[in-house]
Ligand SMILES: [Zn+2]
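In full-length UniProt numbering, the protein residues as written are 1 to 398.
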């Protein structure tokens, strides 16, 4: 979320930016330490106090604090210590702020974070939090109640929908072949891997590993997810395993092999791609290609797995954005005669959970592939998939 432009002199802004790191750790305690211990001991303590807050929280608080301080400068109010009424007026105004497209500039969660940032800076300075007062608490409650609407959920893409989307792929051959191969992989990977659009967009060649399923001897695709929404620090790396599909048409590993061959040819020399496509033998869509694929040395590890592809079959150097992933899903939905506004990038991930639930998968199985840590999220998908599952209404004996 970009902050609306605030008229704040650069010097003040820099000063705020510099000040906030020390402001957010317990400066009162630190001052105390400086008086009683030497500089080195104080610095060491300061380092650990700083590390206690996640860089993301710190960054968000910093932005929030600067916005608050700027508002106070404009309105001639005091930022520290703050008058609770000022904080309430500020939050109410922020709740009404809208983007040019008419949408709210801040979600209730962001407004609560803004309030938490103000509280944190006060706490660090040994001051009582103005946000604990009734006027601020009630304002936030009012904002939450006013905004409480049913979450706008996108339709999950179930297996049969996925089949419909795949019928809208461009024809084999030039110039549709690159988009055909890339989008087949994108849709299958997003669905079978329960991947978020941002995760799909961020994938690089180095994240894709071909392995063997030791129980069956069949090929296996291992996807390494370097950073995820729930863990932006990337400390716990996550893997998603994709088995071979029973049909070659919907086999993620075949789709990956097909795409990587084209991508490698293009990487070696973009001018060869058209001839290569023209000379491709007629594909036998029922035969798997996944058994014979070997990693191609022409690909470089840092290459994006999903680069942009233009209408003329040309491949770009940069990765698709998360938004572009969503656009692709919407485009294929429209081609299949479905309302594109009902679908988004998330439809693939939601589709995985819903389809798996319909197939009788247990909660923990769905949570494992989808890397969901909260069973409630998964239960929501399951309830949507089958309203009678685990429901006492079936045991009434009617
Ligand atoms: Zn296959």
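Note that beta-carbon positions come from the ideal geometry of N, C-alpha and C, so glycine has one too.
Should the segment 210 to 224 be called in touch with the segment 290 to 305, which here means at least 3 C-beta pairs below 8 Å? yes
For residue 343, three-class secondary structure by DSSP: coil
From residue 54 to residue 377, what does the alpha carbon distance come to, in whole angstroms? 25 Å
Hey, how far is the Cα of residue 271 from the Cα of residue 259? 17 Å
Would you say residue 253 touches ligand 1, meaning its beta carbon is less than 6 Å from a heavy atom? yes
Under 7 Å between C-beta atoms of residue 197 and residue 397: no
How would you label residue 262, buried or exposed, when you count the other beta carbons within 10 angstroms and need 16 or more for buried? buried
Distance, Cα to Cα, residue 100 vs residue 156? 30 Å
Per-residue DSSP class, three states only, for residue 383: helix
Give a single yes or no on whether residue 248 has its beta carbon closer than 6 Å to a heavy atom of ligand 1. yes
Straight-line gap, residue 141 to residue 88 (C-alpha atoms, nearest Å): 11 Å
Specify whether the segment 368 to 383 and the segment 347 to 356 touch according to this definition: at least 3 beta carbon pairs, one from each stretch, less than 8 Å apart. yes
Taking the DSSP output, what are the residues bridged to residue 93? Residue 93 is not bridged to any residue.
Looking at the structure shown, is residue 57 part of a helix, part of a strand, or coil, going by DSSP? helix
Which of the three DSSP states, helix, strand or coil, is assigned to residue 296? coil
Comparing the C-beta of residue 102 with each C-beta of chain D, is any distance below 7 Å? The chain inventory of the structure shown lacks chain D, comprising one protein chain alone.
CB of residue 147 to nearest heavy atom of ligand 1: below 6 Å? no
Can you give me the C-alpha to C-alpha distance between residue 76 and residue 110, rounded to a whole angstrom? 24 Å
Could you check which residue in 364, 332, 131, 372 has the C-alpha nearest to that of residue 350? 372
Smallest Cα separation from residue 145: which of 116, 129, 95? 95
Inter-residue CB distance, residue 242 and residue 221 (contact presumed, cutoff 8 Å): 4 Å
Can you tell me whether residue 337 is buried or exposed, with buried defined as 16 or more other CB within 10 angstroms of its CB? exposed
Reference residue 239; option with closest CA among 253, 252, 223: 223
Take every Cβ of the segment 118 to 131, pair it with every Cβ of the segment 308 to 319, and state whether three or more of those distances are shorter than 8 Å. no
Would you say residue 204 and residue 264 are within 7 Å of each other, going by their C-beta atoms? no
Counting only the same chain and skipping the five closest in sequence on each side, list residues whose C-beta sits under 8 Å from that of residue 267. 298, 299, 300, 303
Which same chain residues, not among the five before or five after residue 325, have their C-beta less than 6 Å away from its C-beta? 197, 200, 201, 345
Do you know offhand how far residue 162's Cα is from residue 62's? 43 Å
Quick check: does the Cβ of residue 204 come within less than 6 Å of any heavy atom belonging to ligand 1? no
Using 10 angstroms around the beta-carbon of residue 257, count the other beta-carbons present and answer buried if the total reaches 16, otherwise exposed. buried
For residue 247, which three-state DSSP category applies? coil
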